[in-house]
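Each protein sequence line maps, in turn, to chains A and B. Position one of the first sequence corresponds to residue 1 (my numbering), numbered consecutively onward. Position one of the second sequence corresponds to residue 1001 (my numbering), numbered consecutively onward.
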Amino acid sequence: MSEYTERLLTSPSRKNQSDRLRLVWLIIIPLIAILFQVYVPRFVSFLSYLELPLLITVHFALGRRGPIASVFYGMSIGLVQDSLSHQPIGMFGIVKTLVGYFAASVSQRFDVENPIVTFILSFFFYFFHQFFYWVLARALLGEAMIFDPQQTLLFGLLNAAVALPLFHILDKLKVAA
Amino acid sequence: MDFFLSRYRNLTVLLIVIVAQLLLIAYQVKSNKDVPLIRVWAVTAVTPVEQGLELVRRYTWGFVEDYFVLLGVRSQNEKLQHENGQLKIENHYLKSELSTADRAQALSVFQAHSPSKTVAARVIGNGTGANSKVVFVDRGSTSGIESGMAVVTPDGIVGKVVDAYPMASLVMLVTDPTFAAGVISQKNRVRGTLKGLGQTKCLVDYAQNEEKVDEGEWFYTSGDDRIFPRGFPVGQVTSVHNGKTFKEIYLTPSGMQGGVEEVLIMLQGEHLQIPDSESATPGYKILPAPTESAGEVPQPTGQSSVLTTDADRLREQYKQSGEAQHRGFGEGFVAPDFTKIQGIRASTPAATNPPPPSGTQPSRDRQEAQPKPGSAAAADAPAKASVPSTASAPAPPKPKPRPTAPILVTDPTDADPDAVPPPAPKTEKPAKPPGSGVPPSRPPSGNQ
Chain A
1 MSEYTERLLT SPSRKNQSDR LRLVWLIIIP LIAILFQVYV PRFVSFLSYL
51 ELPLLITVHF ALGRRGPIAS VFYGMSIGLV QDSLSHQPIG MFGIVKTLVG
101 YFAASVSQRF DVENPIVTFI LSFFFYFFHQ FFYWVLARAL LGEAMIFDPQ
151 QTLLFGLLNA AVALPLFHIL DKLKVAA
Chain B
1001 MDFFLSRYRN LTVLLIVIVA QLLLIAYQVK SNKDVPLIRV WAVTAVTPVE
1051 QGLELVRRYT WGFVEDYFVL LGVRSQNEKL QHENGQLKIE NHYLKSELST
1101 ADRAQALSVF QAHSPSKTVA ARVIGNGTGA NSKVVFVDRG STSGIESGMA
1151 VVTPDGIVGK VVDAYPMASL VMLVTDPTFA AGVISQKNRV RGTLKGLGQT
1201 KCLVDYAQNE EKVDEGEWFY TSGDDRIFPR GFPVGQVTSV HNGKTFKEIY
1251 LTPSGMQGGV EEVLIMLQGE HLQIPDSESA TPGYKILPAP TESAGEVPQP
1301 TGQSSVLTTD ADRLREQYKQ SGEAQHRGFG EGFVAPDFTK IQGIRASTPA
1351 ATNPPPPSGT QPSRDRQEAQ PKPGSAAAAD APAKASVPST ASAPAPPKPK
1401 PRPTAPILVT DPTDADPDAV PPPAPKTEKP AKPPGSGVPP SRPPSGNQ
């Protein structure tokens, strides 16, 4: 990076512009993920297993490495998901809040740039997300949900597989922003 | 406390957020209420984008999809057209089969009820010839078919056998120009000769211009040709004109309407009665005679079981009364005293019309008024003679009696006994004969 470039980036106006751009991305990307979840499975039903909002939350938490921001980020995404569902608001919010917190905590101890670590973490948080949601639904709402561990594990693998290229794209966007 | 919060700040925030959401859920579950604000925000934020995506998808992906769908439309259309053609053929075949079954059933019913001895045959082909109207049928001399036999259907005559081969016969249709048969009109009994014209219509020739034939009138076989028995329907008149010498009467043969497929060949014909004009139309359904209930018309004792109509019962009743008084029923002019019939109120015969002297010749009017023996009006004639006259002795007011004698019900309004007036004292004008409500039937003519 040249001296001119460093000067440009450290200048207050450029820094503010970059922050605004990142903020827009932080809003738009989860919105796209939620739209994908509510819109695409109408036509491609097998894509309904993809939990993109969760992956976005994990990616944010792993990249930010700030637990509090990740908590609120995960909570926000979860609450929007709850709003578009037919269940009490807060179910996805709680789960994604915990995921954001734990992902942010883990990112301080592991090298999250490693794809294998990213794959394992994505798989683990998907499983945790589904399991904890099942626990909450049974405990708080009394719903007789069925938890299929094998199916959850399989979908966890698939989500982890999708997470690798998705995180790569998001990293590129972050750098561009 | 500050130390705790600063050291466990992240955990504290997490707990606060979790607890807040738990409370939110608890509130919703407990109060069964929703948090509309968050939902409205989320839906408002998401749905416009979703609508836009749907719009884009419809005009891009939908277009591409339609394109690929339309690629197969041509082959699918050809396939459907082929299938449609096959179904049409099948439908036509089934309709034809159904029509054949109906015709066969009508033919068998006609064959069973006709007094003539017939053989059913099926048309198997047309004869050659430019103007000739002949067909081959699948019955020949081995079935007893001979030349000159009549060929009919339940709707009318079709033609006659001109050649009989062992296994088939040649039938000349009524539309053949060389065909001829004796016919007679239904209404006015106008006789003529049916001739084919080589077309769908036929001509009735040799009917005088002075004779009356109406359009729509039916012609029947007269039996004069010794081929067709009398009384078979021939056709309905479509047009009538006066010609130079004879009338030009054109009719449509009824036996060939809808084509000729199955026919009956008459091995032995029986003459039939030409129906009256009221019931002349073939296919006109006449209901059977109504069954008598015991409460409607009183049944006189000793009534024959074969009598079915009110007029017959009434006549039988008066006849028995006449025989009991040793006076012939319908003979002479001295009527028996029918007031002695049980059930009829004895009226005062003070002003009965005197019978004319037996030696005098009754006038023509009186002859017409005098009922013929055996007619329904004959039963009423003596009753008319016993009706008192108001001009000579007005009857004292009496309570309205109920007629208990059998009443010939000819009008629905007469069915109510209360509506029938008692034999009121007004005989200046002749009483209405009981059979006057019946449409006048054609007098029996000798030309039948």
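Every residue, glycine too, gets a C-beta built ideally from N, C-alpha and C. Model, not experiment: these values are computed from the prediction.
Please list the residues of the region 89-100 of chain A that have a C-beta atom closer than 8 Å to any C-beta atom in chain B, keeping them in chain order.
I89, G90, M91, G93, I94, T97 and L98
Within-8 Å CB hit, R1058 of chain B to chain A
By 1-based counting over the second sequence, the position of residue 1058 of chain B is 58. By this cut-off, R1058 of chain B is not an interface position.
Quick check on the DSSP output: what are the complete alpha helix (DSSP H) runs of length 4 or more inside the region 79-166 of chain A, in order along the chain?
91-107 and 115-136
Pull the bridge partners of N1242 of chain B from the DSSP assignment, please.
Position 242 of the second sequence, counted from the first residue, corresponds to residue 1242 of chain B. DSSP, once it has assigned bridges, lists B:K1247 as partnering N1242 of chain B.
Check for me: the beta strand (DSSP E) holding T1221 of chain B runs from which residue to which?
Translated into positions along the second sequence, residue 1221 of chain B becomes position 221. That run of the beta strand (DSSP E) goes W1218 to T1221.
Name the two residues that bound the continuous alpha helix (DSSP H) containing V1046 of chain B.
Residue mapping note: residue 1046 of chain B aligns to position 46 of the second sequence, counting from 1. Where V1046 of chain B is concerned, the enclosing alpha helix (DSSP H) stretches over P1036 to L1071.
Please report whether the beta-carbon of L47 of chain A lies at a distance below 8 Å from any beta-carbon of chain B.
Position 47 of the first sequence, counted from the first residue, corresponds to residue 47 of chain A. For L47 of chain A, the answer is no, since every Cβ of chain B falls outside 8 Å of its Cβ.
Span of the alpha helix (DSSP H) around E1316 of chain B
Mapped onto the second sequence, residue 1316 of chain B falls at position 316. That run of the alpha helix (DSSP H) goes D1310 to A1324.
For V184 of chain A, which option in A:L54, A:E143 and A:V135 has the closest C-alpha, if you only look at C-alpha atoms?
Examination of residue 184 of chain A is not possible in this model, given that chain A is present from 1 through 177 alone.
Chain A contact for L983 of chain B (CB, 8 Å cutoff)
The shown model of chain B, from 1001 to 1448, leaves out residue 983 of chain B, and the question about it has no answer.
Taking Y49 of chain A as the reference, which of A:L62, A:A61, A:A33 and A:F60 has the closest Cα?
Translated into positions along the first sequence, residue 49 of chain A becomes position 49. Cα-wise, what sits closest to Y49 of chain A is A:A33.
What did DSSP end up calling F1136 of chain B once you bin it into helix, strand or coil?
Translated into the one-based positions of the second sequence, residue 1136 of chain B becomes position 136. In the structure shown, F1136 of chain B sits in a strand (DSSP, three-state: E or B).
CB-CB length for P1253 of chain B against T1175 of chain B, believed under 8 Å
Working through the second sequence from its first residue, we reach residue 1253 of chain B at position 253. Working through the second sequence from its first residue, we reach residue 1175 of chain B at position 175. Contact flag correct, Cβ pair sits at about 7 Å.
So V1035 of chain B contacts chain A; which residues on that side make the cut at Cβ distance below 7 Å?
Locating residue 1035 of chain B in the second sequence gives position 35, counting from the first residue. Ordered by position in chain A, the residues that pass the 7 Å Cβ test against V1035 of chain B are I89.
Go through its chain and collect everything with a Cβ distance to M1 of chain A's Cβ below 7 Å, but skip five positions before and after it.
Within the first sequence, residue 1 of chain A is the residue found at index 1, counting from 1. Residue placement at M1 of chain A cannot be trusted, given a pLDDT of 47 that sits under 50; the coordinates are not used to answer.
So, using beta-carbon positions, are M1172 of chain B and V1134 of chain B closer together than 8 Å?
Working through the second sequence from its first residue, we reach residue 1172 of chain B at position 172. Working through the second sequence from its first residue, we reach residue 1134 of chain B at position 134. Yes; because the gap between Cβ atoms is below 8 Å, this pair is in contact.
P1233 of chain B by DSSP, collapsed to three states: which one?
Residue mapping note: residue 1233 of chain B aligns to position 233 of the second sequence, counting from 1. In the structure shown, P1233 of chain B sits in a strand (DSSP, three-state: E or B).
Would you list the residues sitting across from A1181 of chain B in a DSSP beta bridge?
Here the question's residue 1181 of chain B lines up with position 181 in the second sequence. According to DSSP, which records beta bridges pairwise, A1181 of chain B is partnered with B:L1194.
Given this structure, state the Cα-to-Cα distance separating H1113 of chain B from M1149 of chain B, to the nearest angstrom.
Within the second sequence, residue 1113 of chain B is the residue found at index 113, counting from 1. Within the second sequence, residue 1149 of chain B is the residue found at index 149, counting from 1. The alpha-carbon atoms of H1113 of chain B and M1149 of chain B are separated by roughly 19 Å.
For V185 of chain A, return the contacting residues in chain B, with the cut-off set at a CB-CB distance below 9 Å.
The structure shown does not extend to residue 185 of chain A, since chain A is modelled only from 1 through 177, so no value can be given for it.
State the CB to CB distance for the pair A137 of chain A and M75 of chain A, rounded to an integer number of angstroms; the pair is presumed to be in contact (CB under 8 Å).
Taking the first sequence and counting its residues from 1, one reaches residue 137 of chain A at position 137. Taking the first sequence and counting its residues from 1, one reaches residue 75 of chain A at position 75. Not really, about 18 Å apart at Cβ, beyond 8 Å.
Heavy atom of the ligand COA within 7 Å of L1053 of chain B beta-carbon:
The ligand content of the structure shown is nil, which means the ligand COA is not present either.
Just to confirm, are P1166 of chain B and S1141 of chain B a CB contact at a threshold of 8 Å?
Taking the second sequence and counting its residues from 1, one reaches residue 1166 of chain B at position 166. Taking the second sequence and counting its residues from 1, one reaches residue 1141 of chain B at position 141. Cβ distance < 8 Å, so P1166 of chain B and S1141 of chain B count as in contact.
Relative to the alpha-carbon of E113 of chain A, which residue among A:I28, A:L164 and A:P149 has its alpha-carbon at the smallest distance?
Within the first sequence, the letter at position 113 stands for residue 113 of chain A. It is A:L164 whose Cα lies nearest to the Cα of E113 of chain A.
Between which two residues does the alpha helix (DSSP H) carrying T1339 of chain B extend?
Walking along the second sequence from the start, residue 1339 of chain B turns up at place 339. Segment: none, T1339 of chain B is in no alpha helix (DSSP H) and carries neither H nor E.
R1007 of chain B to I68 of chain A, Cα distance in whole Å?
By 1-based counting over the second sequence, the position of residue 1007 of chain B is 7. By 1-based counting over the first sequence, the position of residue 68 of chain A is 68. In a straight line, the C-alpha of R1007 of chain B is about 13 Å away from that of I68 of chain A.
Give a yes or no on contact between the region 1242-1257 of chain B and the region 1091-1109 of chain B, applying the rule of three or more CB pairs nearer than 8 Å.
no
Kindly indicate which residue of B:N1242, B:L1197, B:R1139 and B:A1180 has the alpha-carbon position closest to the one of L1170 of chain B.
Residue numbering aside, residue 1170 of chain B sits at position 170 when the second sequence is read from its first letter. Selected option, being the one with the closest Cα: B:R1139.
Is V1119 of chain B near I1157 of chain B, with beta carbons less than 8 Å apart?
Here the question's residue 1119 of chain B lines up with position 119 in the second sequence. Here the question's residue 1157 of chain B lines up with position 157 in the second sequence. Not in contact: V1119 of chain B and I1157 of chain B (Cβ atoms no closer than 8 Å).
Inter-residue Cα distance where the pair is I1018 of chain B and V95 of chain A:
Here residue 1018 of chain B refers to the residue found at position 18 of the second sequence. Here residue 95 of chain A refers to the residue found at position 95 of the first sequence. In a straight line, the C-alpha of I1018 of chain B is about 9 Å away from that of V95 of chain A.
Which residue comes first and which comes last in the alpha helix (DSSP H) that contains Q1021 of chain B?
Translated into the one-based positions of the second sequence, residue 1021 of chain B becomes position 21. That run of the alpha helix (DSSP H) goes R1009 to S1031.
Short Cβ contact (8 Å threshold) for V1035 of chain B with L1053 of chain B
For the purposes of this step, residue 1035 of chain B is taken as residue 35 along the second sequence, with counting starting at 1. For the purposes of this step, residue 1053 of chain B is taken as residue 53 along the second sequence, with counting starting at 1. No, Cβ-Cβ distance for V1035 of chain B and L1053 of chain B is not below 8 Å.
Among the candidates B:S1222, B:N1209, B:T1012 and B:L1037, whose CA atom is the shortest distance from the CA of G1243 of chain B?
Within the second sequence, numbered from 1, the residue matching residue 1243 of chain B stands at position 243. If we check each option's Cα against that of G1243 of chain B, B:N1209 comes out closest.
Do you know whose CA, among B:T1309, B:G1182, B:K1187 and B:C1202, lies nearest F1228 of chain B's CA?
Stepping through the second sequence from its first residue, residue 1228 of chain B is reached at position 228. Residue B:G1182 is the option with its Cα nearest to F1228 of chain B.
When you check each C-beta in the region 48-75 of chain A against every C-beta of chain B, which residues fall closer than 8 Å?
P67, I68, V71, F72 and M75
For Q1208 of chain B, which beta-bridge partners are listed by DSSP?
Translated into positions along the second sequence, residue 1208 of chain B becomes position 208. Partner(s): B:F1246.
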